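Take a look at the structure below.
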Amino acid sequence: MSFKINTNIGSLYSNYQLKKNQADLSQSLHKLSTGRRINKASDDAAGMVIANKLASQADGYAQAIKNANDAISITQIADGALGQATELIQGIRVKAIQAAGIAQSPQSRQAIQAEISQSLATLKDISQNTAFNGQKLLSGTFVDKSFQVGTSSGETVTISIGSIDPSQISDESLGSFADIDVTTAEGAQNAIALADTALEYISQERARVGSSQNQLESTINNLSNARINTLAAESEIRDLDFAEETTNLNRIKMLAKARAFAQNQANASAGRIVDILE
């Protein structure tokens, strides 16, 4: 065994190992403090790229879900207004049946007509005032509106809602629903038929709105599942296994003790050289 004064190889090597151990300890504590296995590119460059891509995809799913919920809010507002329209038209139909009765006088029919005209005005107000974020829903302008409900281009749902303005609801032979006149027996009969036409039209619009809402809800369920699975995949790559890292931390601490002991032994060898010289 050789003894050297200028260069203590054992001490240098054990010192290098202690520094390496300190770096490992710092890295392990960093992981435990953040809860992440990957905190910088050098931890796992390939894993970081994949995890970032998955995180971006999960964020896209989250925004698509918000978009779909906005679309559902629109369908719910429209459906509620269409429900009110249905009640108004049913009321108009009842009044038309009342006006068609043989016992009605011209004066009573005029009174019924005034009530119907008020209901028609209310129906028109609903068609013009029902809106979402400044967009009128039941005026006939909400047509072919596309909602981005996916993370890729073209993944959209298109919604169209027809107008419920009385002047836009008509029958080829009977004319416009806005022009019904129950002041005569014949007019009252025509009003009943027009009310039936209007009810059928409103029912079709509600069915279409309801179908769109069901589609959106199904889309949200699919997006939610995809987001959860994507986040789980990202977590598997990026997040820390605390049990595993705690075991690793204990290993690093044990190695630190062993390397400190080796450093002491290496330094002690220099003392033996001094003893020999004495």
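Heads up: the sequence shown begins at 131 in our numbering, then just goes up one per residue.
Glycine residues also receive a C-beta, built at the ideal position from the N, C-alpha and C atoms.
The structure presented is a predicted model; accordingly, all values stated were derived computationally and were not measured.
Inset, instruction - Write down every uninterrupted run of the alpha helix (DSSP H) in the region 218-279 whose length is 4 residues or greater and which is fully enclosed by it, in chain order. - result: 236-259
Legend entry - Cβ pair glutamine 243, threonine 313 closer than 7 Å: When the beta-carbon positions are compared, glutamine 243 and threonine 313 come within less than 7 Å of each other.
Inset, instruction - Give the secondary structure of arginine 411 by DSSP, where H, G and I count as helix, E and B as strand, and everything else as coil. - result: What the structure shows of the chain is the stretch from 131 to 408, and residue 411 is not part of that stretch, so it cannot be assessed.
Legend entry - the region 345-361 touching the region 160-180, judged by at least three CB pairs closer than 8 Å: no
Legend entry - Identity of the residue in Asp200, Thr377, Ile367 nearest isoleucine 168 by Cα: Proximity to isoleucine 168 across Asp200, Thr377, Ile367 peaks at Ile367, based on C-alpha coordinates.
Inset, instruction - Specify the secondary structure class of lysine 150 as computed by DSSP and reduced to three states. - result: helix
Legend entry - Where the beta strand (DSSP E) containing valine 287 begins and where it ends: 286-289
Legend entry - Distance CB(lysine 161)-CB(leucine 379) smaller than 7 Å: no
Inset, instruction - Check whether the Cβ atoms of alanine 226 and isoleucine 322 sit closer than 7 Å, and answer yes or no. - result: Cβ distance < 7 Å, so alanine 226 and isoleucine 322 count as in contact.
Legend entry - Residue environment, phenylalanine 307, which counts as buried when at least 16 other CB atoms sit within 10 Å: That one is buried.
Legend entry - Cβ shell of tyrosine 191 (< 7 Å), same chain only, five flanking positions each side left out: Thr281, Leu353, Ala356, Arg357, Thr360
Legend entry - Alpha-carbon to alpha-carbon, glutamine 157 and methionine 131: Residue placement at methionine 131 is poorly supported in this model, since its pLDDT is 49, which falls under 50; the coordinates still yield a value, given next. Using only the alpha carbons, I get a separation of about 38 Å.
Legend entry - Residue(s) in a DSSP beta bridge with glycine 305: Asp301
Inset, instruction - Give the straight-line distance between the Cα atoms of lysine 254 and serine 186, rounded to the nearest whole angstrom. - result: Straight-line Cα distance between these residues: approximately 46 Å.
Legend entry - Rounded straight-line distance, which links the Cα of isoleucine 291 to that of arginine 338: 8 Å
Inset, instruction - With a 10 Å radius around its C-beta and 16 neighbouring C-beta atoms as the bar for buried, classify threonine 205 as buried or exposed. - result: buried
Inset, instruction - Spell out whether any CB of chain B is found under 7 Å from the CB atom of isoleucine 204. - result: Absent here is chain B; the protein component of the structure consists of one chain.
Legend entry - Spatial neighbours of isoleucine 232 in its chain, beta-carbon cut-off 8 Å, leaving aside the 5 residues before and after: Ala315
Inset, instruction - State the DSSP-derived secondary structure class of methionine 131, mapped to helix, strand or coil. - result: Any answer about methionine 131 is weak, because its pLDDT of 49 lies below 50 and its placement is not dependable; what the coordinates show is given next. Of the three classes helix, strand and coil, the one that applies to methionine 131 here is coil, per DSSP.
Inset, instruction - Take glutamine 343 and list the residues in its own chain whose beta-carbon comes closer than 8 Å to its own, dropping the five residues that flank it on each side. - result: Ile202, Thr205, Gln206, Asp209
Inset, instruction - Take isoleucine 222 and list the residues in its own chain whose beta-carbon comes closer than 6 Å to its own, dropping the five residues that flank it on each side. - result: Ile246, Ser249, Ala325
Inset, instruction - Identify, in the order they occur along the chain, each residue of the same chain with its Cβ nearer than 6 Å to the Cβ of alanine 318, setting aside the five sequence neighbours on each side. - result: Ala226, Ala229, Ala230, Val312
Legend entry - DSSP state of arginine 166 mapped onto helix, strand, coil: strand
Legend entry - Alpha carbon of glutamate 330 to alpha carbon of serine 341, nearest angstrom: Rounded to whole angstroms, glutamate 330 to serine 341 spans 16 Å at the Cα level.
Legend entry - Under the three-state DSSP convention, the category aspartate 209 falls into: helix
Inset, instruction - Would you check if the distance between the CB atom of asparagine 197 and the CB atom of valine 287 is smaller than 7 Å? - result: Not a contact, by the Cβ cut-off of 7 Å.
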